[in-house]
Each structure stands twice: as C-alpha cells, then as structure tokens.
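In terms of the working numbering, the sequence shown opens at residue 15 and continues consecutively. Written below as structure tokens is the structure these notes are about.
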Amino acid sequence: MYSPQRQDFVSLTLGDQYSRSYTNGKHRRQSCWRKWKQLSRLQRSLILFLLAFLFICGILSYPSLTEQWRVTVKAVDRVEAVREAFRHAWKGYKAFAWGHDELKPISKTHGEWFGLGLTLIDALDTMWILGLKDEFAEARKWVETELSFSKNVDVNLFESTIRILGGLLSTYHLTGDTLFLDKAKDIGFRLMPAFKTPSKIPYSDVNIGKGTAHPPRWTTDSTVAEVTSIQLEFRELSRLTQDPQYQNAVEEVTRQVHRLEGKRDGLVPMFINTNSGKFTRRGAFTLGARADSYYEYLLKQWLQGGKKETELLEDYLQAIEGVRKNLLRQTSPSKLTFVGELSNGHLNPKMDHLVCFLPGTLALGAHNGLPADHMDLALQLMETCHQMYAQMETGLSPEIAHFNLQSSNGRDIDVKPADRHNLLRPETVESLFYMYRFTKDSKYRDWGWDILQSFNKYTRVPSGGYTSIGNVRDPVNPAPRDKMESFFLGETLKYLFLLFSDDSELISLDKYIFNTEAHPLPIWPSTS
Ligand code: DMJ
C-alpha cells in the first residue's frame with residue numbers, strides 16, 4: 015500500500031549562491047520566452063526550420079560516424095593480422111631456411127634456387143613497410159655480413175632482376191641505407207653479360223661468378239615477358255649510378271620489340287630468339303605466363319619516366335585494344351568477363367591466375383589519365399579474379415581457371431586436375447590494393463580479408479611458414495606441397511598490408527611504381 019510518508023526523492027536545500035543562480039536562470043528563460051513571442055511568425059518559422067534541419071543532419075550523420083569508426087577499427091585489426099602472418103612466415107624461414115632461397119615449411123628445411131637468400135632479400139622492403147624493425151635489423155645484418163654475389167652460380171636474369179636487384183633498390187630508397195645500393199650495383203653489374211648476344215636480346219641465364227651467359231640448354235629462345243620486364247630496375251640503376259650502360263642495354267630490347275613483326279593488334283608472342291632477335295613460335299597470345307609483365311612494364315616505364323616516352327604509351331594502349339578485340343569473353347551463366355588465350359586463331363577460354371595483375375594495371379592507367387573504359391574493364395576483371403577464389407571450396411584460386419562459354423553444369427569456372435594448385439601468388443591481392451586505393455570501395459578490402467583467412471586456414475604450417483597447396487578444391491586435404499615461394503613475403507603479404515592500411519601516403523601511387531615483384535621504385539622527378 016502506498017504510504018504518504020514515504021519519500022522517493024532526495025530533498026536538496028540549495029545555498030544562497032545556487033538559489034540565486036537558479037532564480038537568475040528562471041528569469042533568463044522568462045525573458046527568452048518574451049523575446050520569442052516578440053518575433054514575427056516568419057522569423058519564428060525560419061528559426062524552427064533551421065533547428066529541425068540541424069537536428070535531422072545530426073541524426074543522419076550519426077550512423078555514418080559510427081560506421082566510420084567501426085571501419086577504422088577493422089582496418090587496424092586487419093593490418094595487425096597481416097603483421098602476424100608475416101611474423102609467422104618469418105619464424106619458419108628463420109628457424110629452417112635462414113639465408114637460403116626458400117623455406118620448405120613441412121619438412122622443416124630449405125630449398126635452393128640461386129643460393130642467394132632470395133626470400134630474405136625479397137622480404138626486406140616488406141618488413142620495412144610493415145614496421146617490423148627487429149626482423150629488418152637481423153636481415154640487414156645478414157646482407158651486410160653474409161650476402162656475396164661472387165659465386166659460381168647460374169641465375170635467371172629476369173628472376174634475379176625483379177627479386178634481388180628490385181628488392182635491393184627499393185630497400186635503398188625506403189631506408190636511405192647505402193649498403194643496399196652497393197649490393198644493387200654489384201648484382202646489376204654481374205647480370206650485364208646476359209646482354210652479350212648476337213641480337214642484344216638477352217639470354218635467360220647468367221653465371222654471376224664467371225661473367226658468362228647462355229640460353230636454356232634446349233633452345234636459343236628467351237621468354238618475351240622476361241626480356242621486357244627488367245627495364246624498370248636497370249633504368250633506375252643507371253639513374254642512381256649515373257652509368258648509362260644499364261639503361262642502354264634494356265632500352266635496346268624495348269626498341270627492338272617495339273618494331274618487331276609478328277604482333278597481333280599490339281599483343282606479343284611468348285618467345286623471342288636471341289640470335290635473330292625475332293619472335294618465334296608465333297600465333298599464340300596470352301596475358302598470362304611468358305607475356306604478362308610485358309604489358310605491365312609498358313605502362314609502368316611510361317609512368318616511371320614522367321609520361322614522356324610516348325612509344326611505350328602507344329604500345330600499351332594498342333595492346334589493351336588488342337585484348338578487347340581478340341581475348342575478352344564472358345562466361346555462362348554469370349557473365350563474368352575474362353581474358354582468354356588465342357592459339358592460331360582459336361580462343362581457349364582459360365586464364366592463368368597470373369592475369370589477375372591486369373585489373374590493377376588497368377586501374378593505374380585510368381588513374382593516370384588513360385581512357386575511363388580501362389577502369390570499366392578493371393572493375394569487371396576484378397570481379398572475375400575474386401570469383402576465382404570465392405567459388406573454390408578452400409576460398410583459394412587455382413593456378414589456371416577454365417571458363418564456361420556455354421555452361422552445361424551451371425558453373426562459370428571449372429578447374430582441370432593439373433591446374434588445381436595454389437602457389438600463394440600475389441596477383442589478385444595486388445589488384446585489390448590498386449582498386450581499393452582508387453575507388454575506396456570497402457568490398458575490395460573484404461575480398462582481400464577472405465583471402466588472408468583462407469591462406470591462414472589452408473596453407474599455414476603450425477611450426478612456422480606457409481605452404482603452396484596442390485588442390486584448392488579439397489578443404490579436407492588441400493595437399494600441402496612443402497614450399498613457401500619468396501613472393502609470398504615479397505608481394506602477397508605486402509599488398510595485403512597496403513590494402514588494409516588507412517595510410518594512402520604509405521607508398522603513394524603518385525610517387526612510386528611497383529616493379530613486378532612488388533618492390534616500389536620512385537617515379538623520376540621531372541628534372542632527371
Ligand atoms: C612473381 O615473381 C612476379 O609477380 C612475376 O611477375 C610473376 N610471377 C611471380 C608471382 O606470381
């Protein structure tokens with residue numbers, strides 16, 4: 015029962031000072047009210063309208079503020095997740111493969127290709143960009159005390175240029191530490207014998223200790239992508255050393271390829287002969303293996319040199335039109351756009367994962383004033399590359415996808431048994447990084463996040479490191495292959511980090527171009 019004596023409130027006795035101000039407030043409110051009454055009806059309506067407008071704006075902006083906050087928190091988590099993945103990969107490399115080319119994480123040992131600490135060099139600038147100072151310091155020490163190019167070993171010109179020369183040059187630029195420039199000069203000089211051929215189109219292999227070069231044992235051909243994707247690095251080496259021999263050698267290759275017969279609407283065949291300097295095995299055209307980075311380096315050299323070398327731009331624009339005219343198709347049933355391969359006039363509806371560099375390159379071109387329809391194509395191809403991951407049971411792309419032009423099984427993408435592997439390749443996350451930088455559409459980050467989670471689920475080896483796998487269609491047994499390629503640290507994790515980082519000045523795309531191994535090199539200042 016209610017008791018009238020019960021007090022459900024606290025009675026306060028205000029002191030004089032407070033009671034005065036309280037009374038003053040009351041007076042103020044009364045005079046405000048009087049003033050309000052003195053306003054005309056129009057004035058009052060205007061004020062009410064303004065207040066209502068401000069109130070609605072406040073309500074509307076509130077969810078976007080919270081959303082923004084949520085997104086930033088998510089970005090920080092994701093950036094940390096990439097650092098964690100790098101540390102885990104590094105832990106395996108350090109424990110079982112330190113100073114060797116590649117980690118074999120399952121057998122807990124190493125694999126050797128050139129015997130030059132490939133993974134360590136490829137990963138240097140990634141550690142710097144991720145802010146992993148301790149790991150970087152240890153690796154620097156190894157470069158200073160252990161790395162020697164005075165070795166009787168055959169190295170592949172292209173691979174050692176993009177990974178070693180490119181990695182050392184970019185680390186020099188990021189850190190200003192001349193140790194890396196000295197090492198870059200050393201390896202650059204040792205690679206030069208490759209250009210001593212009858213045609214000046216370089217051989218594929220160089221012995222960096224003996225100073226001799228040769229083609230592979232079975233042919234005198236070189237691969238077109240290989241001889242045309244070393245230009246960014248050698249041109250930069252000339253700029254830094256003021257020694258033109260490097261730039262001259264690689265630009266001679268560019269000049270020759272520019273005027274060679276055998277292209278189709280700007281598309282190049284896959285092989286070139288080091289004696290004749292001519293394309294061989296003509297009639298096959300792809301944006302995948304053996305041709306891919308030819309197209310990438312046309313655009314990037316044009317950007318590196320300050321957009322002055324118009325022949326590079328012309329070749330690039332013509333090639334993209336060539337892709338549209340000869341290689342683009344759409345799948346059934348979902349109308350995914352893909353870049354097929356042409357073989358003697360017949361289109362083969364298959365696409366290497368390597369082709370997934372193309373959306374990023376197209377977007378970079380569009381960002382630099384090239385036709386807007388390049389961006390439209392980039393958006394479509396990015397979706398296709400995403401689907402190459404999303405439609406697989408592990409969420410990881412196969413090495414090669416086969417697309418259905420007329421689907422009988424309801425699927426857009428099929429995978430042949432020989433193409434089911436995943437080597438931890440970077441091309442899709444590379445393009446996601448460019449697409450996010452240029453569009454700020456958060457779906458690209460989400461797609462990248464899904465990929466990182468799949469890498470963690472299916473390729474992470476508990477004792478340290480990540481492994482390539484043999485079957486992206488079998489989540490129960492993805493068939494680990496026991497190899498962590500150096501580009502997983504050099505490229506894949508770097509692009510994922512940059513994709514998730516909110517700092518768009520971190521390697522600004524208006525100041526740097528990435529070589530084909532994700533090593534950033536500066537765009538030349540206009541005076542040089
Ligand atoms: C890397 O060495 C480079 O990205 C190259 O251009 C293509 N192959 C690998 C990564 O897939």
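Ideal Cβ positions, reconstructed from N, Cα and C, are used throughout, including at glycine.
Assigned secondary structure, residue i (DSSP; H/G/I helix, E/B strand, else coil)
i: Asn340; result: helix
i: Asp279; result: coil
i: Glu355; result: strand
i: Thr192; result: helix
i: Ser236; result: strand
i: Pro207; result: helix
i: Leu535; result: strand
i: Phe452; result: helix
i: Lys118; result: strand
i: Thr473; result: coil
i: Thr159; result: helix
i: Tyr526; result: strand
i: Asp168; result: strand
i: Pro440; result: coil
i: Ala493; result: coil
i: Gly125; result: strand
i: Ala303; result: coil
i: Glu423; result: Looking at the sequence provided, one finds Asn at residue 423 rather than Glu. Asn423 falls in the coil class under three-state DSSP.
i: His102; result: helix
i: Ala111; result: coil
i: His228; result: strand
i: Val486; result: coil
i: Val369; result: helix
i: Asp219; result: strand
i: Met389; result: helix
i: Leu132; result: helix
i: His416; result: strand
i: Asn362; result: strand
i: Asn382; result: coil
i: Met498; result: strand
i: Asp428; result: strand
Between the CA atoms of residue j and residue i - distance to the nearest angstrom
i: Met402; j: Arg231; result: 36 Å
i: Pro373; j: Arg92; result: 23 Å
i: Asn166; j: Asn423; result: 54 Å
i: Arg495; j: Asn436; result: 9 Å
i: Leu251; j: Ala89; result: 36 Å
i: Leu317; j: Leu65; result: 51 Å
i: Phe209; j: Leu246; result: 16 Å
i: Tyr330; j: Leu188; result: 29 Å
i: Tyr260; j: Thr530; result: 18 Å
i: Lys321; j: Ile334; result: 18 Å
i: Cys370; j: Met396; result: 7 Å
i: Ser25; j: Ala95; result: Only weak support exists for where Ser25 lies, its pLDDT of 28 falling under 50; the value from the coordinates is given anyway. Rounded to whole angstroms, Ser25 to Ala95 spans 56 Å at the Cα level.
i: Trp463; j: Lys105; result: 22 Å
i: Arg451; j: Leu62; result: 42 Å
i: Val475; j: Arg278; result: 45 Å
i: Phe194; j: Phe417; result: 44 Å
i: His400; j: Ile427; result: 12 Å
i: Glu116; j: Ser236; result: 25 Å
i: Leu144; j: Ser307; result: 26 Å
i: Phe285; j: Pro347; result: 35 Å
i: Gly280; j: Tyr309; result: 10 Å
i: Phe299; j: Val282; result: 6 Å
i: Ile483; j: His102; result: 18 Å
i: Arg526; j: Leu179; result: A quick correction: the sequence has Tyr, not Arg, at residue 526. Their Cα atoms are separated by approximately 16 Å.
i: His533; j: Gly181; result: 6 Å
i: Glu160; j: Phe172; result: 23 Å
i: Phe248; j: Arg295; result: 28 Å
Heavy atom of the ligand DMJ within 7 Å of residue i beta-carbon
i: Leu171; result: no
i: Arg439; result: yes
i: Thr530; result: yes
i: Ser236; result: no
i: His505; result: The sequence shown places Glu at residue 505, rather than the His named in the question. Result yes, Cβ under 7 Å from the ligand DMJ.
i: Leu368; result: yes
i: Ile176; result: yes
i: Ser162; result: no
i: Ser184; result: no
i: Phe501; result: yes
i: Ser307; result: yes
Near the ligand MG: residue i beta-carbon under 7 Å from a heavy atom
i: Leu130; result: Of the ligands one can find in the structure shown, namely the ligand DMJ, none is the ligand MG.
- Message: Could you check whether the region 139-153 touches the region 114-129, counting it as contact only if at least three pairs of C-beta atoms, one from each stretch, sit closer than 8 Å?
- Response: no
- Message: Does the region 435-453 come into contact with the region 499-513, if we say contact requires no fewer than three beta-carbon pairs (one atom in each stretch) closer than 8 Å?
- Response: The region 435-453 is in contact with the region 499-513.
- Task: Give a yes or no on contact between the region 212-224 and the region 508-520, applying the rule of three or more CB pairs nearer than 8 Å.
- Result: no
- Answer yes if the region 465-474 comes into contact with the region 382-397, meaning at least three C-beta pairs across the two stretches below 8 Å, and no otherwise. no
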